[in-house]
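Everything in the sequence shown is counted per our numbering, starting at 0 for the first residue and increasing by one. Positions of the beta carbon are idealized from the N, C-alpha and C atoms, including for glycine. Heads up: the structure comes next, in structure tokens.
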Amino acid sequence: MGRTLQNTMINLGLQNACDEAVYQLGLDMEELEEIEEDAGLGNGGLGRLAACFLDSMATLGLAAYGYGIRYEYGIFNQKIRDGWQVEEADDWLRHGNPWEKARPEYMLPVHFYGRVEHSASGAKWIDTQVVLALPYDTPVPGYMNNTVNTMRLWSARAPNDFNLRDFNVGDYIQAVLDRNLAENISRVLYPNDNFFEGKELRLKQEYFVVAATLQDIIRRFKASKFGSTDSVRTVFDSFPDQVAIQLNDTHPAMAIPELMRIFVDIEKLPWDKAWDITKRTFAYTNHTVLPEALERWPVDLVEKLLPRHLQIIYEINQRHLDHIASLFPNDMERLRRMSLIEEGNTKRINMAHLCIVGSHAVNGVAKIHSEIVKTQVFEDFAELEPEKFQNKTNGITPRRWLLLCNPGLAELIAEKIGEDYVRDLSQLTKLHEFVDDDLFIREVAKVKQENKVKFALYLEKEYKVKINPSSMFDVHVKRIHEYKRQLMNCLHIITMYNRIRRDPAKLFVPRTVIIGGKAAPGYHMAKMIIKLINAVAQVVNSDPMVGSKLKVIFLENYRVSLAEKVIPATDLSEQISTAGTEASGTGNMKFMLNGALTIGTMDGANVEMAEEAGEENLFIFGMRVEDVKELDKKGYNAQLYYERLPELKQAIDQIKSGFFSPKDPNLFSDVVNMLFHHDRFKVFADYEAYVKCQEKVSELYLNSKAWTKKVIRNIAAAGKFSSDRTIKEYARDIWHVEPSDLKIPPPNEPRDAGQDKTPNGTAA
0 MGRTLQNTMI NLGLQNACDE AVYQLGLDME ELEEIEEDAG LGNGGLGRLA
50 ACFLDSMATL GLAAYGYGIR YEYGIFNQKI RDGWQVEEAD DWLRHGNPWE
100 KARPEYMLPV HFYGRVEHSA SGAKWIDTQV VLALPYDTPV PGYMNNTVNT
150 MRLWSARAPN DFNLRDFNVG DYIQAVLDRN LAENISRVLY PNDNFFEGKE
200 LRLKQEYFVV AATLQDIIRR FKASKFGSTD SVRTVFDSFP DQVAIQLNDT
250 HPAMAIPELM RIFVDIEKLP WDKAWDITKR TFAYTNHTVL PEALERWPVD
300 LVEKLLPRHL QIIYEINQRH LDHIASLFPN DMERLRRMSL IEEGNTKRIN
350 MAHLCIVGSH AVNGVAKIHS EIVKTQVFED FAELEPEKFQ NKTNGITPRR
400 WLLLCNPGLA ELIAEKIGED YVRDLSQLTK LHEFVDDDLF IREVAKVKQE
450 NKVKFALYLE KEYKVKINPS SMFDVHVKRI HEYKRQLMNC LHIITMYNRI
500 RRDPAKLFVP RTVIIGGKAA PGYHMAKMII KLINAVAQVV NSDPMVGSKL
550 KVIFLENYRV SLAEKVIPAT DLSEQISTAG TEASGTGNMK FMLNGALTIG
600 TMDGANVEMA EEAGEENLFI FGMRVEDVKE LDKKGYNAQL YYERLPELKQ
650 AIDQIKSGFF SPKDPNLFSD VVNMLFHHDR FKVFADYEAY VKCQEKVSEL
700 YLNSKAWTKK VIRNIAAAGK FSSDRTIKEY ARDIWHVEPS DLKIPPPNEP
750 RDAGQDKTPN GTAA
């Protein structure tokens with residue numbers, strides 16, 4: 000979520016008044032804002048997308064709740080020591096959190112372990128361990144519409160009789176100390192992005208948020224007029240018309256068997272009725288196609304922790320496979336591929352398959368990604384129910400990612416096209432009229448220059464590095480992962496360095512290359528990549544032959560509040576994942592909206608950005624998805640590129656020989672070995688095209704006016720990438736609710752009975 004103060008002031012229309020009031024007290028608002036800790040309760044794009052979605056849902060007047068876990072420790076703070084990443088605990092609640100309100104009156108029990116007893120009256124889950132879920136509510140204000148939604152985060156608490164109720168030996172002190180075991184559930188965020196780690200505590204977290212949330216939803220449903228019993232219908236007949244639950248990846252997939260357990264075991268609904276209601280309630284968003292990221296929980300772990308849920312999953316699977324067998328008799332291979340249970344050394348539950356079978360809609364997060372989901376990853380399922388599969392291209396909130404972080408640009412745009420674009424970003428197309436307006440071109444360039452100077456000052460203050468604000472700011476910030484190919488950027492830096500040294504007199508367009516992002520603590524290769532970037536930076540930055548032509552900076556502890564500083568100052572946005580690996584990306588959109596040009600592959604939302612702005616206004620290079628497939632077919636041989644490309648060979652030889660690690664020449668042998676022998680993401684295959692494309696970038700940067708014209712065309716085409724547009728599509732195509740642009744009256748004015756926020760009352 001990042002910080003809340005400035006976002007709240009903007010959405011409430013109070014920022015100028017507050018700035019002025021604080022100024023009159025002899026204080027500086029920006030100084031106050033810098034004191035607030037980021038709420039870093041997610042890992043990367045997936046968590047930030049949810050935050051943008053909450054802002055858009057409130058702004059569109061949808062009756063929506065965001066549910067999650069109130070981690071005591073969020074994503075770790077990253078320190079760089081001697082070029083290595085070192086993790087520190089993110090004690091973000093140390094000074095309290097003024098935005099949250101604990102709601103002990105809504106505390107709910109969550110059960111674990113135990114066993115299942117079957118009788119004539121049905122199944123009973125008994126002898127369980129109970130953990131309490133204590134909700135904390137954070138307000139989510141819409142933009143200037145007097146709507147405030149709720150984000151409800153659950154914290155784990157031990158019941159007061161924890162370890163004291165049954166056959167207790169009498170070690171009272173130890174029993175109280177053991178309360179920590181229960182409360183550890185909400186202690187810390189698992190720091191993996193795009194990687195599945197099958198740990199018991201993680202599964203506990205996933206079930207904890209799901210079980211508490213579903214009880215909360217059902218309590219609210221029963222308390223509403225829709226939940227009232229009527230002699231003809233079951234209480235729950237209208238449930239899917241009143242409740243929509245969107246599964247943000249497979250992490251909350253246990254919600255499907257949990258809702259079935261509530262309906263069948265507790266509410267005594269017949270299976271078929273319960274299953275129909277469940278399917279119509281859930282929809283699933285897929286966020287990645289990387290096989291190592293797909294959740295596959297061991298059956299024996301689920302059996303121990305959630306025995307009744309395993310039985311329900313088996314029953315769902317049996318009925319699912321019976322249905323497929325009736326359509327495709329004797330196709331055992333198809334049954335194996337489509338089963339929720341994967342047989343093998345350890346039997347596993349494929350959570351994505353569970354989500355697809357248990358949902359009425361499945362979507363990818365960019366056109367190209369949704370195609371891959373349909374035709375490759377889940378092709379059997381799409382063949383069965385093509386109408387179930389959709390696309391919903393991701394977006395970003397223009398409130399945080401333009402108004403808040405780039406007020407200079409936001410104001411400049413408002414001068415030209417008015418202020419309405421903040422709620423309807425498609426209006427940015429009006430800027431096309433000004434693409435040849437010399438004054439506007441100069442003003443856009445001036446805002447960018449001011450942002451760069453401000454960021455250069457920040458770097459000097461925080462990191463004691465001096466950079467040239469007139470150099471091109473070439474920025475690559477995102478989680479460190481092999482598929483995102485920070486290594487390819489690193490090879491380009493080494494190539495630029497070698498060219499400067501080879502011909503110091505030759506004209507070179509000065510660059511400041513800024514790379515930032517966190518590596519999962521257990522991801523060895525990602526940590527080596529950080530060390531390599533820092534080692535290269537040390538050599539480049541201290542070489543007098545290079546001077547101010549090339550500077551390399553690794554941005555420590557990349558997070559939302561730092562993104563808000565670096566993105567408005569960026570000239571060139573690096574979006575260089577191997578085609579077919581980045582589901583969408585959202586950083587790409589933030590840079591586009593803030594006046595950077597993109598160098599990127601035809602991957603994720605880059606494809607649609609090129610479609611909107613015109614491919615000639617982005618720097619597109621490298622293999623397309625088809626080329627990658629072709630190369631896989633014939634076999635990728637890294638050695639060939641190494642032998643054919645002298646500059647690549649030179650760069651690799653320098654890394655190999657210890658040029659960047661003289662004290663330990665073999666330091667990067669793992670990295671080099673990976674690049675030659677098991678590089679799934681084919682860095683060498685795109686190296687040549689990337690370097691050539693970067694030459695075009697430098698050439699255009701020399702012509703400030705031509706560069707800025709492309710910038711304006713990009714900003715003018717960024718309207719599609721508002722999360723408001725994304726949420727309108729979810730609302731209409733999946734949740735079946737109408738967004739409302741009604742501004743509800745402020746609390747001090749009487750409310751018209753006729754002004755209902757959502758006409759058909761459905762909550763998402």
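- For the pair Leu163 and Pro134, the Cα-to-Cα distance works out to about 24 Å.
- Within the same chain, and ignoring the five residues on either side of Met601 in sequence, the residues whose Cβ sits closer than 8 Å to its Cβ are Ile367, Ala578, Ala609, Ile619, Gly621, Arg623 and Val624.
- Nearest to Val670 by alpha-carbon distance, out of Lys691, His523, Lys662 and Gln204, is His523.
- For Ile348, DSSP records a beta bridge to Trp296 and Ile340.
- Pro745 has its alpha-carbon roughly 36 Å from the corresponding atom of Val565.
- The beta strand (DSSP E) runs lying completely inside the stretch 199-270 and spanning 3 residues or more are 244-247, given in chain order.
- Secondary structure note for Gly46: its alpha helix (DSSP H) is the uninterrupted segment Gly44 to Thr58.
- Listed in chain order, the alpha helix (DSSP H) runs fully inside the stretch 581-628 are 586-592 and 605-612, counting runs of at least 4 residues.
- Between the alpha carbons of Gly407 and Ser358 lies a distance of about 44 Å.
- When only Cα atoms are considered, Lys681 and Tyr313 end up about 40 Å apart.
- Judged by DSSP in its simplified three-state form, His110 adopts strand.
- Annotated three-state conformation of Met673 is helix, per DSSP.
- Taking C-beta separations shorter than 6 Å and ignoring five residues to either side along the sequence, the partners of Gly515 in its chain run Val476, Leu554 and Tyr557, following chain order.
- Judged by beta-carbon spacing, Pro190 lies within the 9 Å limit of Lys517, meaning their Cβ atoms are closer than that value.
- Taking every protein chain shown into account, the CB of Thr374 has fewer than 16 other CB atoms within 10 angstroms, so this residue is exposed.
- If one requires a minimum length of 4 residues, the alpha helix (DSSP H) runs lying completely within the stretch 687-741 are 703-715 and 722-729, in chain order.
- In the DSSP assignment, Glu86 forms a beta bridge with Gln77.
- Around Gln245, the same chain offers Ala282 as residues with beta carbons nearer than 6 Å, after the five sequence neighbours per side are excluded.
- For Trp153, the pairing in a beta bridge is given by DSSP as Ile68 and Pro134.
- If you draw a straight line from the Cα of Ser154 to the Cα of Ser660, it comes to about 46 Å.
- In this structure, Asn390 sits near Asn362, with a CB-CB distance shorter than 9 Å.
- If the five residues before and after Asp626 are omitted, its C-beta is found closer than 8 Å to the C-beta atoms of Ala578, all from its own chain and listed in chain order.
- Contact between the stretch 728-736 and the stretch 378-392 is present: three or more C-beta pairs spanning the two stretches fall below 8 Å.
- Under the criterion of beta carbons closer than 8 Å, Phe667 and Met487 do not qualify as touching, at roughly 15 Å.
- Per DSSP, Ser369 is one residue of the alpha helix (DSSP H) stretching across Lys366 to Ile371.
- By the beta-carbon neighbour count (other beta carbons within 10 angstroms, threshold 16), Trp83 is exposed.
- Residue pairing for Leu411: DSSP places it in no beta bridge.
- Nearest to Val512 by C-alpha distance, out of Thr284, Thr569 and Lys463, is Thr569.
- Annotated as proximal: Gly718 and Thr428, with beta-carbon spacing under 9 Å.
- Of Ala252, Asp236 and Pro239, the smallest CA-CA separation from Leu202 is found for Ala252.
- Looking at the DSSP output, Trp124 sits in a beta bridge with Val115.
- If you keep only unbroken alpha helix (DSSP H) runs of at least 4 residues inside the stretch 386-444, you get 406-416.
- Comparing alpha-carbon positions, the option among Pro256, Leu4 and Asp685 lying closest to Tyr482 turns out to be Asp685.
- When Leu531, Asp502 and Val551 are compared, the shortest CA-CA separation from Leu458 is found for Val551.
- Secondary structure of Asn540 (DSSP, three-state): helix.
- In this structure the stretch 87-94 does not lie against the stretch 272-287, because fewer than three pairs of beta carbons, one per stretch, are closer than 8 Å.
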